[in-house]
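Asks: The UniProt record's numbering applies: residue 1 is where the sequence shown begins, and numbers increase by one. A virtual CB, placed ideally from N, CA and C, is assigned to each residue, including glycine. The structure follows.
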Amino acid sequence: MPQLEGPIRDKYVSAGGEAVFGAVTSDRRSVVGGVYQTCERAVFYLKDSSAEAFFTRGLIFDKWGTVRNAQGRGWEQGPLGWPVSDEYRVARELGAGQRFERGTFFYRDGQPEAFWSTGLILDKYGSVGWEQGDLGFPVTDHAMTPDGRGAFQHFAGTDLPASIYYNPNQGRAWIVRGVIRAFYAASGWERGVPFGPGSPWLTGFPLGDEYLTAASYAKPGQPADAFEQDFEGANIYWPRIGSAEFVDPAYKG
Numbered sequence: 001m002p003q004l005e006g007p008i009r010d011k012y013v014s015a016g017g018e019a020v021f022g023a024v025t026s027d028r029r030s031v032v033g034g035v036y037q038t039c040e041r042a043v044f045y046l047k048d049s050s051a052e053a054f055f056t057r058g059l060i061f062d063k064w065g066t067v068r069n070a071q072g073r074g075w076e077q078g079p080l081g082w083p084v085s086d087e088y089r090v091a092r093e094l095g096a097g098q099r100f101e102r103g104t105f106f107y108r109d110g111q112p113e114a115f116w117s118t119g120l121i122l123d124k125y126g127s128v129g130w131e132q133g134d135l136g137f138p139v140t141d142h143a144m145t146p147d148g149r150g151a152f153q154h155f156a157g158t159d160l161p162a163s164i165y166y167n168p169n170q171g172r173a174w175i176v177r178g179v180i181r182a183f184y185a186a187s188g189w190e191r192g193v194p195f196g197p198g199s200p201w202l203t204g205f206p207l208g209d210e211y212l213t214a215a216s217y218a219k220p221g222q223p224a225d226a227f228e229q230d231f232e233g234a235n236i237y238w239p240r241i242g243s244a245e246f247v248d249p250a251y252k253g
């Protein structure tokens, strides 16, 4: 019968033992940089440079295995690396998360899969409260834009859907949400043509988060108390009622 030892045994026991993870189903198996060992309901990983083992399981474990690098490697050899935390409960016990060396997984109870976030998009997500903030849980994985330069991720939002876009020309990530996001999406996202055929530029990536517009920037006849967001090729203006619209950046002088 397979036996546990060292940090893997310690974590197995401290996190609930057989009642939580089931029986041990394999001996230790070596991989590049460490070892792993399987149980009926989890897999324990121990990196050579770590004094602590971590377990991963369920939908987070399943998705982790699908995230591959350019050489086709996944799991601990893939883009996200080794787990650096155990799975943990999040958002008032509505879901789970787990941190890895180069990304974090989030899973909302009842969803059919977990989703991962990384880099500056993950940092931006954290700055607004993770899944407990206004963006809620992710509903897609981190993904590259069609040109292969930028990146984006979509979130459920607590009211209306939201997205985080990474602008490669700035090296920063920004939130696009609500009515402005819906208009941005309907217009073709970053590849949209804001002022119709023949326009010399695309809408492009966001240059910042949305902001409350100052009275001097409001269009004639529209309330000053409106939201606006700057993009590389246009501004999107929303007067809090009705739909949003494009504003030529030159309008703001």
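Output needed for Pro146: all residues of its chain with C-beta closer than 8 Å, excluding positions within five of it in sequence on either side, in chain order.
Replies: The answer, listed in chain order, is Arg191.
Asks: Could you check how far apart the C-beta atoms of Ala42 and Thr56 are, in whole angstroms? I think they sit under 8 Å.
Replies: 7 Å
Asks: If you draw a straight line from the alpha carbon of residue 254 to that of Gly97, how long is it in whole angstroms?
Replies: Here the chain covers residues 1 to 253 and nothing more, so residue 254 does not appear.
Asks: Would you mind working out which of Asp62, Tyr125, Pro79 sits nearest Pro112, comparing C-alpha positions?
Replies: Considering only alpha carbons, the answer is Asp62.
Asks: Where Gly233 and Tyr184 are concerned, what is the direct C-alpha to C-alpha distance, given to the nearest angstrom?
Replies: 12 Å
Asks: For residue 256, count neighbouring Cβ atoms within 10 angstroms of its own Cβ and tell me buried if that reaches 16, exposed if not.
Replies: For the chain, the structure presents residues 1 to 253; residue 256 sits outside this window and is missing.
Asks: Starting from the C-beta of Gly34, find all residues in its chain whose C-beta is less than 6 Å away, skip the five residues before and the five after it, and write them out in chain order.
Replies: In chain order, Leu46, Lys47, Asp48 place their CB closer than 6 Å to the CB of Gly34, counting only its own chain and leaving out the 5 sequence neighbours on each side.
Asks: Could you tell me how far apart the beta carbons of Ala162 and Arg181 are, in whole angstroms, since I believe they sit closer than 8 Å?
Replies: 6 Å
Asks: Report yes if the CB atom of Asp248 is closer than 9 Å to the CB atom of Gln229, and no otherwise.
Replies: Not closer than 9 Å, so no.
Asks: Compare the C-alpha of Asp159 against each of Thr213, Val20, Gly136 and name the closest.
Replies: Gly136
Asks: CB Phe21 to CB Glu5, shorter than 9 Å?
Replies: Taking the C-beta atoms as reference points, Glu5 is found no nearer than 9 Å to Phe21.
Asks: Taking C-beta to C-beta, are Arg99 and Val84 nearer than 9 Å?
Replies: Closer than 9 Å, so yes.
Asks: With a Cβ-Cβ cutoff of 9 Å, do Leu212 and Phe227 count as a contact?
Replies: yes
Asks: DSSP three-state call for Pro7: helix, strand or coil?
Replies: helix
Asks: Between Ala91 and the rest of its own chain, which residues show a CB-CB distance below 7 Å, the 5 nearest in sequence each way excluded?
Replies: Glu131, Gln132
Asks: Hey, how far is the Cα of Gly72 from the Cα of Gly78?
Replies: 8 Å
Asks: In three-state terms, what does DSSP make of Pro245?
Replies: Note that residue 245 corresponds to Glu in the displayed sequence, not to Pro. Glu245: strand per DSSP, three-state reduction.
Asks: Quick check on DSSP: helix, strand or coil for Ala42?
Replies: Reduced to three states, the DSSP call for Ala42 is strand.
Asks: Can you check which of these residues, Gly95, Asn69, Asn167, Met1, is closest to Asp27 by C-alpha distance?
Replies: Met1
Asks: Any idea what DSSP makes of Trp201, helix, strand or coil?
Replies: coil
Asks: Is it buried or exposed, Gly196, if we count other Cβ atoms within 10 angstroms and call 16 or more buried?
Replies: exposed
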